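Okay, so the sequence shown: first residue is 1 according to full-length UniProt numbering, each after it adds one. All residues carry an ideal CB built from backbone N, CA and C; glycine is no exception. All values reported here derive from a predicted model rather than from experimental measurement.
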Amino acid sequence: MPLSREESSPLFAGTAAGTLRLIFYLAIAMVLMVLDHRNGWLWRMRYATAIVIEPVYRLASLPADGMHALGVAFADRRLLTEQNQRLREDLLLANAKLNRMAAVAEQNQRLKELLDTQHSLELHVQMARVIGIDLGAFRHRMMINLGARDGVKAGQPVIDAHGVMGQVIDVLPNSATVMLVTDPDHALPVVVERTGLRTIAYGSRNGEQLTLPTVPMAADIHVGDKLLTSGLGGRFPEGFPVGEVATVGPAPSGMFLEAHANPSADLDRSDEVLVLHDLAEPAGPPPPPSPAGPPTDEAPPPPAPAGSSAAAPRAVSPAAAASAGVPQT
(Lines of atoms letter the chains of each structure in order from A; the text may use other names.)
(Lines give C-alpha, C1' and ligand atoms only; values in the text may rest on other atoms or scores of the structure.)
Protein backbone atom coordinates (compact mmCIF):
# COMPACT_ATOMS: atom_id res chain seq x y z
CA MET A 1 0.00 0.00 0.00
CA PRO A 2 1.58 3.33 -1.02
CA LEU A 3 2.52 5.68 1.75
CA SER A 4 0.85 9.01 2.02
CA ARG A 5 2.74 12.34 1.81
CA GLU A 6 2.87 12.56 5.54
CA GLU A 7 4.23 8.98 5.93
CA SER A 8 7.06 9.33 3.29
CA SER A 9 10.68 9.69 4.60
CA PRO A 10 12.88 11.49 2.09
CA LEU A 11 16.64 10.82 2.07
CA PHE A 12 17.53 14.37 2.94
CA ALA A 13 14.71 15.73 4.98
CA GLY A 14 14.68 19.25 6.29
CA THR A 15 15.27 18.00 9.78
CA ALA A 16 18.44 17.71 11.82
CA ALA A 17 18.71 13.97 11.07
CA GLY A 18 18.61 14.66 7.33
CA THR A 19 21.35 17.26 7.61
CA LEU A 20 23.59 14.90 9.56
CA ARG A 21 22.98 12.19 6.97
CA LEU A 22 24.01 14.58 4.16
CA ILE A 23 27.19 15.55 5.98
CA PHE A 24 28.04 11.87 6.50
CA TYR A 25 27.63 11.06 2.83
CA LEU A 26 29.72 14.04 1.78
CA ALA A 27 32.48 12.98 4.17
CA ILE A 28 32.50 9.46 2.69
CA ALA A 29 32.68 10.95 -0.84
CA MET A 30 35.60 13.17 0.13
CA VAL A 31 37.47 10.22 1.64
CA LEU A 32 36.91 8.08 -1.45
CA MET A 33 38.11 10.90 -3.75
CA VAL A 34 41.29 11.39 -1.74
CA LEU A 35 41.99 7.66 -1.63
CA ASP A 36 41.38 7.34 -5.41
CA HIS A 37 43.65 10.30 -6.13
CA ARG A 38 46.50 8.98 -3.97
CA ASN A 39 46.28 5.20 -4.42
CA GLY A 40 44.11 4.67 -7.51
CA TRP A 41 41.78 2.26 -5.79
CA LEU A 42 38.75 3.13 -7.82
CA TRP A 43 40.71 2.76 -11.12
CA ARG A 44 41.76 -0.72 -10.05
CA MET A 45 38.18 -1.50 -9.21
CA ARG A 46 36.98 -0.27 -12.60
CA TYR A 47 39.72 -2.31 -14.34
CA ALA A 48 38.69 -5.48 -12.50
CA THR A 49 35.04 -4.81 -13.19
CA ALA A 50 35.79 -4.27 -16.93
CA ILE A 51 37.42 -7.70 -17.09
CA VAL A 52 34.24 -9.24 -15.80
CA ILE A 53 31.86 -7.12 -17.88
CA GLU A 54 33.79 -7.31 -21.27
CA PRO A 55 32.44 -10.79 -22.18
CA VAL A 56 28.96 -9.41 -21.60
CA TYR A 57 29.65 -6.60 -24.09
CA ARG A 58 30.99 -9.08 -26.66
CA LEU A 59 27.99 -11.29 -26.21
CA ALA A 60 25.69 -8.31 -26.62
CA SER A 61 27.48 -7.24 -29.86
CA LEU A 62 27.27 -10.68 -31.47
CA PRO A 63 23.97 -10.02 -33.29
CA ALA A 64 25.25 -6.76 -34.80
CA ASP A 65 28.56 -8.37 -35.86
CA GLY A 66 26.71 -11.30 -37.38
CA MET A 67 24.45 -9.02 -39.41
CA HIS A 68 27.47 -7.08 -40.67
CA ALA A 69 29.23 -10.29 -41.70
CA LEU A 70 26.12 -11.49 -43.51
CA GLY A 71 25.83 -8.14 -45.30
CA VAL A 72 29.44 -8.43 -46.53
CA ALA A 73 29.01 -12.07 -47.52
CA PHE A 74 25.81 -11.41 -49.45
CA ALA A 75 26.84 -8.09 -51.03
CA ASP A 76 25.50 -7.09 -54.42
CA ARG A 77 26.98 -9.64 -56.85
CA ARG A 78 26.26 -7.48 -59.85
CA LEU A 79 28.31 -4.59 -58.44
CA LEU A 80 31.23 -6.90 -57.75
CA THR A 81 31.00 -8.35 -61.28
CA GLU A 82 30.97 -4.90 -62.85
CA GLN A 83 33.98 -3.84 -60.81
CA ASN A 84 35.84 -6.99 -61.79
CA GLN A 85 34.99 -6.48 -65.47
CA ARG A 86 36.10 -2.85 -65.33
CA LEU A 87 39.41 -3.84 -63.74
CA ARG A 88 39.97 -6.50 -66.40
CA GLU A 89 39.32 -3.96 -69.16
CA ASP A 90 41.74 -1.51 -67.58
CA LEU A 91 44.37 -4.23 -67.36
CA LEU A 92 43.90 -5.22 -71.00
CA LEU A 93 44.08 -1.59 -72.09
CA ALA A 94 47.28 -1.07 -70.13
CA ASN A 95 48.83 -4.19 -71.70
CA ALA A 96 47.78 -3.02 -75.17
CA LYS A 97 49.40 0.37 -74.58
CA LEU A 98 52.61 -1.31 -73.44
CA ASN A 99 52.66 -3.56 -76.52
CA ARG A 100 51.98 -0.56 -78.76
CA MET A 101 54.83 1.35 -77.16
CA ALA A 102 57.16 -1.58 -77.76
CA ALA A 103 56.05 -1.81 -81.40
CA VAL A 104 56.54 1.93 -81.90
CA ALA A 105 60.01 1.74 -80.37
CA GLU A 106 60.93 -1.12 -82.70
CA GLN A 107 59.55 0.77 -85.70
CA ASN A 108 61.53 3.87 -84.72
CA GLN A 109 64.67 1.75 -84.55
CA ARG A 110 64.06 0.39 -88.06
CA LEU A 111 63.43 3.90 -89.42
CA LYS A 112 66.62 5.13 -87.76
CA GLU A 113 68.58 2.34 -89.44
CA LEU A 114 67.08 3.27 -92.83
CA LEU A 115 67.92 6.95 -92.36
CA ASP A 116 71.44 6.06 -91.25
CA THR A 117 71.86 3.98 -94.41
CA GLN A 118 70.65 6.86 -96.57
CA HIS A 119 72.88 9.44 -94.89
CA SER A 120 75.99 7.25 -94.80
CA LEU A 121 75.78 6.39 -98.51
CA GLU A 122 74.33 9.74 -99.65
CA LEU A 123 71.76 8.04 -101.89
CA HIS A 124 68.81 9.51 -103.71
CA VAL A 125 66.03 7.34 -102.30
CA GLN A 126 62.35 7.31 -101.41
CA MET A 127 61.03 5.67 -98.29
CA ALA A 128 58.09 3.33 -98.88
CA ARG A 129 55.87 1.24 -96.64
CA VAL A 130 55.18 -2.43 -97.31
CA ILE A 131 51.42 -2.95 -97.77
CA GLY A 132 51.41 -6.56 -98.98
CA ILE A 133 53.67 -9.59 -99.30
CA ASP A 134 53.39 -12.87 -101.22
CA LEU A 135 55.85 -15.62 -100.27
CA GLY A 136 54.34 -18.56 -102.14
CA ALA A 137 56.09 -21.54 -103.70
CA PHE A 138 56.62 -19.84 -107.09
CA ARG A 139 56.20 -16.13 -106.30
CA HIS A 140 58.18 -14.02 -103.87
CA ARG A 141 56.73 -10.55 -104.26
CA MET A 142 55.73 -7.62 -102.11
CA MET A 143 53.75 -4.44 -102.69
CA ILE A 144 54.74 -0.94 -101.59
CA ASN A 145 52.66 2.22 -101.21
CA LEU A 146 54.54 4.26 -103.85
CA GLY A 147 53.60 4.28 -107.53
CA ALA A 148 53.86 6.17 -110.78
CA ARG A 149 52.53 9.35 -109.19
CA ASP A 150 55.50 9.27 -106.81
CA GLY A 151 58.04 8.87 -109.61
CA VAL A 152 58.61 5.12 -109.18
CA LYS A 153 59.58 3.24 -112.36
CA ALA A 154 60.02 -0.40 -113.25
CA GLY A 155 63.55 -1.68 -112.66
CA GLN A 156 64.37 0.47 -109.63
CA PRO A 157 66.24 -1.41 -106.87
CA VAL A 158 64.65 -1.75 -103.43
CA ILE A 159 66.76 -2.12 -100.29
CA ASP A 160 66.36 -2.04 -96.53
CA ALA A 161 68.84 -1.19 -93.79
CA HIS A 162 70.63 -4.55 -94.17
CA GLY A 163 70.83 -5.24 -97.90
CA VAL A 164 69.15 -5.68 -101.28
CA MET A 165 65.51 -6.80 -101.23
CA GLY A 166 64.64 -6.83 -104.94
CA GLN A 167 63.53 -4.62 -107.80
CA VAL A 168 60.33 -2.99 -108.99
CA ILE A 169 58.65 -4.97 -111.79
CA ASP A 170 55.17 -3.46 -112.03
CA VAL A 171 54.06 0.11 -111.33
CA LEU A 172 50.51 1.29 -110.66
CA PRO A 173 49.38 4.86 -109.99
CA ASN A 174 49.62 4.56 -106.19
CA SER A 175 51.49 1.30 -105.61
CA ALA A 176 54.18 -0.90 -107.09
CA THR A 177 55.09 -4.59 -107.08
CA VAL A 178 58.60 -5.63 -106.06
CA MET A 179 60.17 -8.95 -107.04
CA LEU A 180 62.31 -10.19 -104.16
CA VAL A 181 65.80 -11.54 -104.67
CA THR A 182 64.61 -15.00 -103.56
CA ASP A 183 61.99 -15.19 -106.35
CA PRO A 184 62.69 -18.17 -108.68
CA ASP A 185 62.64 -15.79 -111.67
CA HIS A 186 65.15 -13.32 -110.21
CA ALA A 187 68.87 -13.22 -111.02
CA LEU A 188 71.39 -10.79 -109.54
CA PRO A 189 75.06 -10.29 -110.49
CA VAL A 190 77.12 -10.54 -107.31
CA VAL A 191 80.76 -10.55 -106.27
CA VAL A 192 82.38 -12.38 -103.37
CA GLU A 193 83.75 -9.66 -101.09
CA ARG A 194 86.78 -11.65 -99.94
CA THR A 195 88.08 -12.85 -103.32
CA GLY A 196 86.38 -10.67 -105.93
CA LEU A 197 84.83 -13.70 -107.67
CA ARG A 198 81.91 -12.67 -109.92
CA THR A 199 78.91 -14.90 -110.35
CA ILE A 200 75.09 -14.86 -110.53
CA ALA A 201 72.79 -15.34 -107.53
CA TYR A 202 69.41 -16.82 -108.41
CA GLY A 203 66.26 -17.08 -106.32
CA SER A 204 64.97 -20.37 -104.99
CA ARG A 205 61.57 -21.91 -104.51
CA ASN A 206 61.83 -22.19 -100.74
CA GLY A 207 61.91 -18.39 -100.46
CA GLU A 208 64.63 -18.43 -97.81
CA GLN A 209 67.95 -18.70 -99.67
CA LEU A 210 69.81 -17.63 -102.79
CA THR A 211 71.38 -20.17 -105.14
CA LEU A 212 74.74 -19.81 -106.90
CA PRO A 213 74.72 -22.82 -109.27
CA THR A 214 77.59 -21.91 -111.64
CA VAL A 215 80.59 -21.42 -109.39
CA PRO A 216 83.78 -22.79 -110.98
CA MET A 217 85.21 -25.89 -109.37
CA ALA A 218 88.52 -24.16 -108.63
CA ALA A 219 86.91 -21.03 -107.20
CA ASP A 220 87.90 -19.86 -103.72
CA ILE A 221 84.55 -19.62 -101.94
CA HIS A 222 83.78 -20.67 -98.40
CA VAL A 223 80.94 -20.66 -95.92
CA GLY A 224 80.59 -17.21 -94.36
CA ASP A 225 81.74 -15.23 -97.43
CA LYS A 226 79.83 -12.01 -98.00
CA LEU A 227 78.09 -11.40 -101.32
CA LEU A 228 77.84 -7.86 -102.69
CA THR A 229 76.25 -6.42 -105.81
CA SER A 230 78.81 -6.23 -108.62
CA GLY A 231 77.17 -3.36 -110.52
CA LEU A 232 77.12 -5.32 -113.80
CA GLY A 233 74.00 -5.00 -115.89
CA GLY A 234 73.28 -1.41 -114.93
CA ARG A 235 70.43 -2.30 -112.57
CA PHE A 236 71.86 -2.49 -109.04
CA PRO A 237 74.57 -0.12 -107.79
CA GLU A 238 77.85 -1.69 -106.76
CA GLY A 239 78.69 -2.65 -103.20
CA PHE A 240 75.30 -3.36 -101.60
CA PRO A 241 75.10 -6.45 -99.32
CA VAL A 242 73.19 -9.33 -100.89
CA GLY A 243 73.77 -12.34 -98.66
CA GLU A 244 76.14 -14.64 -96.81
CA VAL A 245 77.23 -18.04 -98.08
CA ALA A 246 75.70 -20.80 -95.99
CA THR A 247 76.66 -24.01 -97.84
CA VAL A 248 79.07 -24.97 -100.65
CA GLY A 249 79.09 -28.30 -102.49
CA PRO A 250 79.31 -29.95 -105.91
CA ALA A 251 76.45 -29.26 -108.31
CA PRO A 252 74.33 -32.22 -109.54
CA SER A 253 76.01 -31.97 -112.95
CA GLY A 254 79.47 -32.34 -111.41
CA MET A 255 80.88 -29.53 -113.56
CA PHE A 256 80.42 -26.64 -111.10
CA LEU A 257 80.19 -25.90 -107.42
CA GLU A 258 76.77 -24.93 -106.07
CA ALA A 259 76.52 -22.53 -103.15
CA HIS A 260 73.52 -21.38 -101.12
CA ALA A 261 73.39 -18.04 -99.33
CA ASN A 262 71.11 -16.44 -96.77
CA PRO A 263 69.78 -13.00 -97.83
CA SER A 264 71.12 -10.04 -95.91
CA ALA A 265 67.83 -8.13 -96.05
CA ASP A 266 64.92 -8.86 -93.71
CA LEU A 267 62.61 -10.01 -96.48
CA ASP A 268 59.81 -11.19 -94.20
CA ARG A 269 60.16 -8.63 -91.38
CA SER A 270 60.80 -5.23 -92.95
CA ASP A 271 57.87 -2.80 -92.85
CA GLU A 272 59.70 0.15 -94.42
CA VAL A 273 62.01 -0.01 -97.45
CA LEU A 274 64.02 2.38 -99.62
CA VAL A 275 63.50 2.73 -103.38
CA LEU A 276 66.77 3.70 -105.07
CA HIS A 277 66.94 6.30 -107.83
CA ASP A 278 70.72 6.02 -108.27
CA LEU A 279 71.13 3.24 -110.84
CA ALA A 280 74.46 1.63 -111.69
CA GLU A 281 76.39 2.62 -114.76
CA PRO A 282 75.70 0.19 -117.66
CA ALA A 283 78.59 -2.15 -118.43
CA GLY A 284 80.18 -2.31 -121.90
CA PRO A 285 81.51 0.18 -124.44
CA PRO A 286 79.71 3.49 -124.93
CA PRO A 287 77.28 3.81 -127.88
CA PRO A 288 78.75 5.26 -131.12
CA PRO A 289 78.31 9.03 -131.47
CA SER A 290 75.65 10.24 -133.87
CA PRO A 291 76.97 12.01 -137.02
CA ALA A 292 77.03 15.80 -136.76
CA GLY A 293 76.68 18.42 -139.49
CA PRO A 294 74.29 18.99 -142.41
CA PRO A 295 73.44 16.07 -144.70
CA THR A 296 75.30 15.84 -148.04
CA ASP A 297 73.94 14.79 -151.44
CA GLU A 298 77.22 13.26 -152.62
CA ALA A 299 77.20 9.52 -153.15
CA PRO A 300 79.45 7.53 -150.88
CA PRO A 301 82.77 6.45 -152.42
CA PRO A 302 82.91 2.90 -153.82
CA PRO A 303 84.53 0.25 -151.64
CA ALA A 304 88.23 -0.17 -152.18
CA PRO A 305 89.46 -3.47 -153.59
CA ALA A 306 91.04 -6.02 -151.37
CA GLY A 307 94.67 -5.38 -150.65
CA SER A 308 94.34 -1.67 -151.27
CA SER A 309 95.94 0.72 -148.83
CA ALA A 310 92.63 2.54 -148.32
CA ALA A 311 91.18 -0.53 -146.61
CA ALA A 312 93.99 -0.78 -144.09
CA PRO A 313 92.83 -0.12 -140.53
CA ARG A 314 94.09 2.91 -138.68
CA ALA A 315 96.23 2.61 -135.65
CA VAL A 316 94.36 3.04 -132.38
CA SER A 317 96.02 4.62 -129.43
CA PRO A 318 96.03 2.68 -126.12
CA ALA A 319 93.94 5.34 -124.34
CA ALA A 320 91.21 5.24 -127.00
CA ALA A 321 91.19 1.46 -126.98
CA ALA A 322 90.77 1.39 -123.23
CA SER A 323 87.89 3.89 -123.24
CA ALA A 324 86.02 1.95 -125.93
CA GLY A 325 86.51 -1.40 -124.28
CA VAL A 326 88.66 -2.84 -127.12
CA PRO A 327 91.23 -5.36 -125.91
CA GLN A 328 94.83 -4.43 -126.57
CA THR A 329 97.17 -6.87 -128.33
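Using beta-carbon positions only, say whether serine 175 and methionine 143 come within less than 8 Å of one another. Start at 1 with the first residue of the sequence shown, and residue 175 comes out as number 175. Start at 1 with the first residue of the sequence shown, and residue 143 comes out as number 143. Against a cut-off of 8 Å, the Cβ pair of methionine 143 and serine 175 comes out as a contact.
Using a Cβ-Cβ cutoff of less than 8 Å, which residues in the same chain neighbour glycine 163 once the five nearest sequence positions on both sides are dropped? Taking the sequence shown and counting its residues from 1, one reaches residue 163 at position 163. Excluding positions up to five away in sequence, the list reads Phe240, Pro241, Val242, Gly243, Pro263, Ser264 and Ala265.
Here's a check: name, in chain order, each residue in its chain whose Cβ is nearer than 6 Å to the Cβ of valine 158, leaving out the five neighbours to either side. As a working note, residue 158 is residue 158 in the sequence shown. Excluding positions up to five away in sequence, the list reads Met165, Gly166, Val178, Val273 and Val275.
Assigned exposure category for aspartate 225 - 16 Cβ within 10 Å defines buried: Residue numbering aside, residue 225 sits at position 225 when the sequence shown is read from its first letter. The residue in question, aspartate 225, is buried, as its Cβ has 16 or more Cβ neighbours within 10 Å.
Are alanine 154 and valine 171 touching if we call contact CB-CB under 8 Å? Your numbering for residue 154 matches position 154 in the sequence shown. Your numbering for residue 171 matches position 171 in the sequence shown. Yes, the pair counts as a contact, with Cβ atoms nearer than the cut-off.
Quick one, which of Thr214, Leu267, Glu54 and Gly132 has its alpha-carbon nearest serine 253's? In the sequence shown, the residue the question calls residue 253 occupies position 253. Closest option to serine 253, Cα to Cα, is Thr214.
Bridge-paired residues (DSSP) for glycine 198: Sequence index remark: in the sequence shown, residue 198 carries index 198 (1-based). One point to set straight first is that residue 198 is arginine, not glycine, in the sequence displayed. According to DSSP, arginine 198 bridges with Val191.
Nearest to threonine 247 by alpha carbon, out of His222, Gly234 and Gly136? Position 247 of the sequence shown, counted from the start, is the residue given in the question as residue 247. When only C-alpha atoms are compared, the closest one is His222.
Backbone CA spacing between serine 230 and leucine 210 [nearest angstrom]: If you number the sequence shown from 1, residue 230 lands on position 230. If you number the sequence shown from 1, residue 210 lands on position 210. The alpha-carbon atoms of serine 230 and leucine 210 are separated by roughly 16 Å.
Between the CA atoms of leucine 257 and proline 189 - distance to the nearest angstrom: On the sequence shown, position 189 is the one that residue 189 refers to. On the sequence shown, position 257 is the one that residue 257 refers to. Between proline 189 and leucine 257, the C-alpha separation is close to 17 Å.
Is the beta carbon of leucine 267 less than 8 Å from the beta carbon of leucine 146? Counting from 1 along the sequence shown, the entry for residue 267 is found at position 267. Counting from 1 along the sequence shown, the entry for residue 146 is found at position 146. No, the pair does not count as a contact, with Cβ atoms beyond the cut-off.
Let me check understanding here. Comparing Cα to Cα, which of Val125, His140 and Asp160 lies closest to glycine 151? The count along the sequence shown starts at 1 and reaches residue 151 at position 151. Of Val125, His140 and Asp160, the residue nearest in Cα terms is Val125.
Using the three-state DSSP reduction, which class does isoleucine 169 fall into: helix, strand or coil? Here residue 169 refers to the residue found at position 169 when the sequence shown is read from its first residue. Here isoleucine 169 sits in strand by DSSP.
Comparing C-alpha positions only, which one of Asn108, Glu208 and Arg58 sits nearest to glycine 136? As a working note, residue 136 is residue 136 in the sequence shown. That would be Glu208, whose Cα lies nearest to the Cα of glycine 136.
Beta-carbon contacts of phenylalanine 138 that lie in its chain and below 8 Å, excluding the five residues immediately before and after: Here residue 138 refers to the residue found at position 138 when the sequence shown is read from its first residue. Within the same chain, phenylalanine 138 has close Cβ partners Pro184 and Arg205.
Relative to the C-alpha of alanine 270, which residue among Ala259, Val192 and Ile133 is closest? Residue numbering aside, residue 270 sits at position 270 when the sequence shown is read from its first letter. In the sequence on display, residue 270 carries serine and not alanine. Of the listed residues, the one whose Cα sits closest to serine 270 is Ile133.
Taking 8 Å as the cut-off, decide whether the C-beta atoms of leucine 227 and alanine 201 are in contact. Within the sequence shown, the letter at position 227 stands for residue 227. Within the sequence shown, the letter at position 201 stands for residue 201. Yes, they are a contact pair.
State the start and end residues of the unbroken alpha helix (DSSP H) segment that holds asparagine 32. Working through the sequence shown from its first residue, we reach residue 32 at position 32. Per the sequence shown, residue 32 should be read as leucine rather than asparagine. Segment 16 to 39, the alpha helix (DSSP H) holding leucine 32.
With distances taken between CB atoms, is the gap from glutamine 156 to histidine 260 smaller than 8 Å? On the sequence shown, residue 156 is found 156 positions in, with the first residue counted as 1. On the sequence shown, residue 260 is found 260 positions in, with the first residue counted as 1. No, the pair does not count as a contact, with Cβ atoms beyond the cut-off.
In or out: glycine 24 buried (at least 16 other Cβ within 10 Å) or exposed? On the sequence shown, position 24 is the one that residue 24 refers to. In the sequence under discussion, the amino acid at residue 24 is phenylalanine, which differs from the glycine named in the question. Exposed is the call here.
By DSSP's criteria, isoleucine 133 is part of a beta bridge. Which residues make up the other side? Sequence index remark: in the sequence shown, residue 133 carries index 133 (1-based). Answer is Met142, bridged to isoleucine 133.
Just curious, the beta strand (DSSP E) that histidine 260 is in, first and last residue? For the purposes of this step, residue 260 is taken as the residue at position 260 of the sequence shown. 257 to 263 is the extent of the beta strand (DSSP E) around histidine 260.
Using DSSP with H/G/I as helix, E/B as strand and the rest coil, what is glutamine 109? Working through the sequence shown from its first residue, we reach residue 109 at position 109. In the structure shown, glutamine 109 sits in a helix (DSSP, three-state: H, G or I).
Between leucine 28 and aspartate 36, what straight-line distance do the alpha-carbon atoms span, to the nearest angstrom? For the purposes of this step, residue 28 is taken as the residue at position 28 of the sequence shown. For the purposes of this step, residue 36 is taken as the residue at position 36 of the sequence shown. One detail in the question is off: residue 28 reads as isoleucine in this sequence, not leucine. The straight-line gap from Cα to Cα measures roughly 12 Å.
Please tell me whether leucine 197 and alanine 219 are closer than 8 Å, where the distance is taken between their beta carbons. The residue given as residue 197 occupies position 197 in the sequence shown. The residue given as residue 219 occupies position 219 in the sequence shown. Yes; because the gap between Cβ atoms is below 8 Å, this pair is in contact.
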